[in-house]
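Undergrad:
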Amino acid sequence: MVLEVALIDITPGSEDAFAAAYQIGHPILAGTPGCRSVRMTRGVESPSRFVLLVEWDSVEAHLENFRNSERFTQWRGLIGEFFAQPPLVEHYLDVPPQG
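Residue 5 in full-length UniProt numbering is what sits at position 5 of the sequence shown, and the numbering runs on without skipping anything.
#1: Look at the alpha carbon of GLU60 and the alpha carbon of VAL54, and state the distance between them as a whole number of angstroms.
#2: DSSP beta-bridge partners for residue 100?
#3: Within its chain, find whatever has a CB closer than 6 Å to the CB of THR32; leave out the 5 residues flanking it on each side and keep chain order.
#4: Threshold first: 4 residues or longer. Then list the alpha helix (DSSP H) segments lying entirely within the segment 6 to 73, N to C.
#5: GLU81 to PHE50, Cα distance in whole Å?
#6: Buried or exposed: VAL38, going by 16 or more other Cβ atoms within 10 Å of its Cβ?
#7: Look at the Cβ atom of PRO87, then the Cβ atom of ALA21, and state whether they are nearer than 7 Å.
#8: To the nearest angstrom, how far is it from the Cα of GLY99 to the Cα of GLU4?
#9: Comparing C-alpha positions only, which one of ILE8, TRP56, GLY34, SER48 sits nearest to LEU93?
#10: Opposite PHE82 in the DSSP bridges: which residues?
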């Protein structure tokens, strides 16, 4: 399993519209083959910053099944207009506890 973390800065004043667009787009992302879970969070100190957390079977599942598909075009069409800048997207692996 790999965790996709996307830091998304939204144009101030459009946070509620972004959240509404995310609700519409959530099934597009969550229904992608290889997607295990999707969670969007919003900053307390920085309310125009959102963090998208997506668990994927693999980086390849994210890139091949979503980013290189019509699903991504639909998703970005819903939420992209609210971006203050392009999101920072990275993938992470769990660090197992020692012992």
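Beta carbons are placed, not taken as given, at the ideal position from N, Cα and C, and that holds for glycine.
TA: Walking through what the data contain:
#1: 13 Å
#2: Here the chain covers residues 1 to 99 and nothing more, so residue 100 does not appear.
#3: Setting aside the 5 residues that flank it on each side, THR32 is surrounded in the same chain by ASN65, PHE66, ARG71, each with a C-beta closer than 6 Å to its C-beta; the list follows chain order.
#4: 15 to 30, 59 to 62
#5: 15 Å
#6: buried
#7: Contact: no.
#8: 27 Å
#9: TRP56
#10: PHE82 pairs with nothing; no bridge assigned.
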